[in-house]
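First the structure, in the form of structure tokens, and then the observations on it.
Residue numbers (our numbering): 17 to 167.
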């Protein structure tokens, strides 16, 4: 089976030495996604190309950053032929565990019911990229016709 690099026009790339998303067969692997938007990623790519200092990340609330990451995750999975409902495993890195309740409220809103929830590990990171609030990576599968992802 060959691996296919998955990109979404809605999800910005930092220019780092990794792929955001790879599909191999019916499995989809998503790298740790920070809540970076295109303007910040553009600054990162430019700084790396020029050997200049990296830009300062414009932090937002945990709620806003969670929405950004969950949308990026959703869009990458959709480009791969999958969905949030077909995730098998999620790893969440929070900058501060005290923000867990706010994170969980937004996270849960992306799933229609508990039967769609993937396995999950959540931990406090010693450091997140550019001190952002969170980073999420995931493993999903590409469903066969009629598979809703419900347990």
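Every residue gets a Cβ at the ideal spot worked out from N, C-alpha and C, and that includes glycine.
In this text, all values refer to a predicted model and were calculated from it rather than measured experimentally.
Bounds of the beta strand (DSSP E) holding residue 157 are 150-157. Residue 81 counts as buried, since no fewer than 16 other beta carbons sit within 10 angstroms of its beta carbon. Residue 109 is bridged by DSSP to 139 and 151.
Counting along the chain, the unbroken beta strand (DSSP E) around residue 45 starts and ends at 43-49. Looking at the DSSP output, residue 19 shares a beta bridge with 40. Distances from the CA of residue 124 to each of 75, 147, 110 and 86 were compared; the closest alpha carbon is that of 86. Here DSSP, grouped into helix, strand and coil, assigns residue 93 to helix. The C-alpha of residue 149 lies about 14 angstroms from the C-alpha of residue 72.
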